[in-house]
Ligand code: NAI
Ligand code: MG
């Protein structure tokens, strides 16, 4: 089952929806077309606009992401992004296009749901949401070399922290309302921190060491929590969280954290449900939202038609939620589950199917 991850983008309910498709590099060129095929098969009359970005495009044109792409994303207000390659060494004029998109449109909330899939590669009973701050922290791009010393500045602001924690609590509220139908089903007292029927927000930080930056993040979390008295706030240090995610991930609901911690923890969490190939995400701003699988361009398997399209297809489902099509989002998610149950799996999940076979099966299961 899927649930609304974001409020319906204002004014998008009844307008013709055009989705900007940015394939990017590597497997992005395989999984975005697969997800677009699934969207088209819903018969909603969705329109698509294809736009360029990425390292291959940069080598041809000298630009990582051209203004035309930014204009298309702004015009469409929703985009499906594959992945782009970013070399680990500096290349003059090149900057990761997804970071550029996040900053250009202030896509401050990165929502990364981790939900069990019905296969033996996935842990059962998992339904958590990682809410990652997406515009500041160590990804603010403030790095410099001072002689033989390399310095990165970690930017944490009150505004950025407050709005991301608010997003996390709003998501928890929405999830609680969604879960309300199930009633109280665990043995702990209702509304207690131990209760598994009540959504809690867990703030993840390292304020014991990063006393100023994460100290501020933590302080903002405690402040925002006061406005949501019905939702317990838990806190945990990031290193302990990395362990708990492996040991008892079922005890978490909504997790909110800073940019780099969220990036790392969400890749870790994806391993619980089958790996990077199945993990979806949403980058949400006030006006624009960009949906993308969590994985990168996977150069080791790119160009062979072997990529798992599920992460991209589930990202398309998040996009449907965002534009007010929750029922269609659920339809896509159920079709993915049916496909997994049938054992139509790519090699990363232990199967032999290729991208096109999985995509075809999902469409058949719609
Ligand atoms: P990666 O996510 O591309 O690959 C990690 C591992 O997961 C590889 O073994 C790959 O084969 C596998 N994998 C990834 N997606 C898969 C899929 N759909 N189906 C099956 N297996 C899949 O991460 P890596 O190797 O660290 O980075 C490769 C490139 O991607 C780098 O240039 C990096 O900068 C870029 N990258 C881009 C991102 C983005 O555009 N949002 C995010 C992460 C990395
Ligand atoms: Mg990552």
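Numbering (our numbering), first residue to last: 1 to 366.
All C-beta atoms in this analysis are idealised placements derived from N, C-alpha and C, irrespective of residue type, glycine included.
Check, Outcome
"Cβ-based neighbour list, residue 199, same chain, cut-off 8 Å, excluding 5 preceding and 5 following", "172, 173, 175, 176, 179, 231, 253, 254"
"C-alpha distance - residue 286 paired with residue 107, whole-angstrom precision", "7 Å"
"For residue 134, three-class secondary structure by DSSP", "coil"
"7 Å CB neighbourhood of residue 274 in its chain, flanking five on each side removed", "117, 119, 121, 122, 349"
"Contact check, residue 290 vs residue 81, beta carbons under 9 Å", "yes"
"The beta strand (DSSP E) enclosing residue 240, as first and last residue numbers", "Taken as a continuous stretch (DSSP letters only), residue 240 belongs to no beta strand (DSSP E), being part of the alpha helix (DSSP H) at 238-247."
"According to DSSP, residues forming a beta bridge with residue 342", "Bridge partners of residue 342: none, in fact."
"Spatial distance of residue 295 from residue 243 (CA atoms)", "22 Å"
"Residue 31 versus residue 250 - alpha carbon distance", "29 Å"
"Simplified DSSP state of residue 86, which is helix, strand or coil", "coil"
"Chain-order list of residues whose beta-carbon lies under 8 Å from that of residue 44 (same chain, five-residue window excluded)", "17, 325, 328"
"Through-space distance from residue 262 to residue 109, alpha-carbon basis", "11 Å"
"Residue span of the alpha helix (DSSP H) that contains residue 18, given as start and end", "Element bounds for residue 18: not the alpha helix (DSSP H) but the beta strand (DSSP E), 18-24."
"Residue burial classification, residue 427 (beta-carbon count within 10 angstroms, cutoff 16)", "Only positions 1 to 366 of the chain appear in this structure, which leaves residue 427 out of reach."
"Cβ neighbour criterion (16 or more within 10 Å) applied to residue 209", "exposed"
"Whole-angstrom C-beta distance between residue 366 and residue 331, which should lie under 8 Å", "6 Å"
"Within 9 Å, strictly: CB atoms of residue 134 and residue 102", "yes"
"Assigned exposure category for residue 333 - 16 Cβ within 10 Å defines buried", "buried"
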